[in-house]
Each structure stands twice: as C-alpha cells, then as structure tokens.
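K.L.:
Throughout the sequence shown, residue numbering follows our numbering, covering 1167 to 1390 in sequence. Glycine included, C-beta positions come from ideal geometry on N, C-alpha and C.
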Amino acid sequence: MANSWLFLSPTRFEAAFLKGRKFDFHGRAGLRGEGWVWLECGIGKANTAMTLAAFAQRRKVGRALLFGIAGAYAESGLQIGEAVLAEREIQADLGIRDGGMKGMGFPTLVVGGSEGSPLHFHNRFPLDKALTAELKATLDLPVRSFLSRDLVSENPTEARELSRKWEADVENMEGAAFAQACLWLGLPGAELRAVSNVAGVRDKAQWRVRQAVEALEAAVLKLT
Ligand SMILES: O=C(O)c1cccc(C(=O)CC[C@H]2O[C@@H](n3cnc4c(=O)[nH]cnc43)[C@H](O)[C@@H]2O)c1
1167 MANSWLFLSP
1177 TRFEAAFLKG
1187 RKFDFHGRAG
1197 LRGEGWVWLE
1207 CGIGKANTAM
1217 TLAAFAQRRK
1227 VGRALLFGIA
1237 GAYAESGLQI
1247 GEAVLAEREI
1257 QADLGIRDGG
1267 MKGMGFPTLV
1277 VGGSEGSPLH
1287 FHNRFPLDKA
1297 LTAELKATLD
1307 LPVRSFLSRD
1317 LVSENPTEAR
1327 ELSRKWEADV
1337 ENMEGAAFAQ
1347 ACLWLGLPGA
1357 ELRAVSNVAG
1367 VRDKAQWRVR
1377 QAVEALEAAV
1387 LKLT
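1. With three or more beta-carbon pairs closer than 8 Å as the criterion, would you say the stretch 1343-1352 touches the stretch 1210-1221?
2. Got a sec: does ligand 1 put a non-hydrogen atom nearer than 7 Å to the Cβ of Glu1248?
3. What number of angstroms, rounded off, separates the C-alpha of Arg1310 from the C-alpha of Phe1272?
4. Given 7 Å as the limit, tell me if Pro1176 has its C-beta closer than that to any heavy atom belonging to ligand 1.
5. Going by beta carbon distance, what residues of the same chain come within less than 7 Å of Trp1332, once the five residues before and after it are set aside?
6. Closest to Val1118 by C-alpha separation, out of Pro1176, Leu1260, Ala1236, would be which residue?
7. How is Pro1322 classed by DSSP in three states: helix, strand or coil?
8. Can you name the start and end residues of the beta strand (DSSP E) that Trp1204 belongs to?
9. Just grab the DSSP bridge partners of Ala1356 for me.
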C-alpha cells in the first residue's frame, strides 16, 4: 500500500491507455489496477484539490501522480510531444498582480508547525523531491518549473510575460492545487505533463494532443 499510486488526470482522454476495473467516485470516473488507482479529477484547480482531498480522506494513498497535457512557453526549449516532470508549481492567480501572496503579506499555506519551524508557502509549491528524482531516473525526463492558472494564455505576448514574470516553462490549469493539496495532506506527490501546444497559441490545428497522450502513455505505463 505504501508504494501504491493514486493517478489523477483532468480528463479521461489523457488516460485513455490505462486498462483497469471501472468504479465511480463522487460521480467521477475511476479505474483500479494492480498497485494503482486512477481518478478523473476534472479541469481546474478546485476540481483537482477536491478530488484528491476527498479520496485521501477515505483511502490510504501511498503516493500520487497528476498527469496530463500542457502548454509549453515558447522560450522553454521544450518540444511538442515531450514529457516533463514538475520541480515546482506556481499558483499564478493568487494575491496581487506584481507581488502575489508575498505582496499581500499572507502565506497561502503553513505546514509542519508541530516542530516549531513551520514552512510558509506563498505562490510556489514544490513537488516531492525524492519522488520526482525517482521518476526522473526511471523515466529519463527533464524537470522544470510549472505554472497553473484558471485562465489560459490567449496570445503569445501574454504567455511570454507570464513565463518571464514567474520563471516558468510549462502552463496548465491544475498542478498548483495538486502540489498544494499534497503538501497539506502530507502526501508524496509528483506531476508529469506532456506538451500538446505552445502556450498562448489558441489555434487548435497547431495542437498535438494525440502525440502528447502517446508520450504520457509511454511514461505512465512504465510505472504500472
Ligand atoms: O481554447 C483555448 O484557447 C484553450 C487554451 C488552452 C487550453 C485549452 C484546453 O481546453 C485544454 C485544457 C486542459 O489541458 C491543459 N492545457 C493544455 N494546454 C494548456 C495551455 O496552453 N495552457 C493551460 N492549460 C493547458 C490544462 O491543464 C487543462 O487540463 C483551451
């Protein structure tokens, strides 16, 4: 149980390659396999945090992996179809425009208070270092800085500004909530994304979702 996986992805399309026994969790699709459970968490930060917290309240979770497609910022050097792991997730929607939560003077999350030296998190949430290092070695993937927003970048200028401001390479809509919830719940969590598009490019003809899902398949099936 300690090493069993809870896999989460925003939509079922991102996990279409997983074969397991179907179940329903709070109206969300689930699959159960040998040593893993997968849940469709829905798009966005609230859906992701709610699904993870509700599941972890009822079942023991050994380790958790959020996986799905994402946009890569043009300056990242990442290629469409490339899979990448998150070192940290940035919650880019919270606080004041120029200073995030530090600028507001409030931490978003305080954990580990019992030892007398609690950790304060504002907009940046690290993924589990040891688990991410293990996945990097097993899967031979790069590790980068990810950013999450409720609103997706709608043009290259907006995308470039976000990437520079937060020093991020990958844009998605869920990861910061996942990373924050893992810290809060004390769960080792990692995040794997495959690049389906250049962030800020809305022309779907230029997206390569199938290629990205194939990259997810190659990585995730090595873990099952
Ligand atoms: O219609 C649009 O302009 C548009 C732009 C970005 C993403 C979408 C989606 O429907 C995908 C949302 C889904 O996929 C992840 N994702 C994929 N690419 C990006 C991106 O460039 N920026 C943010 N999120 C992205 C996201 O995590 C969602 O789960 C539509």
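P.N.:
Per the coordinate set shown:
1. yes
2. no
3. 26 Å
4. yes
5. Ile1256, Ala1258, Leu1313
6. This structure leaves residue 1118 out entirely; the chain is present only between 1167 and 1390.
7. helix
8. 1202-1206
9. Leu1231
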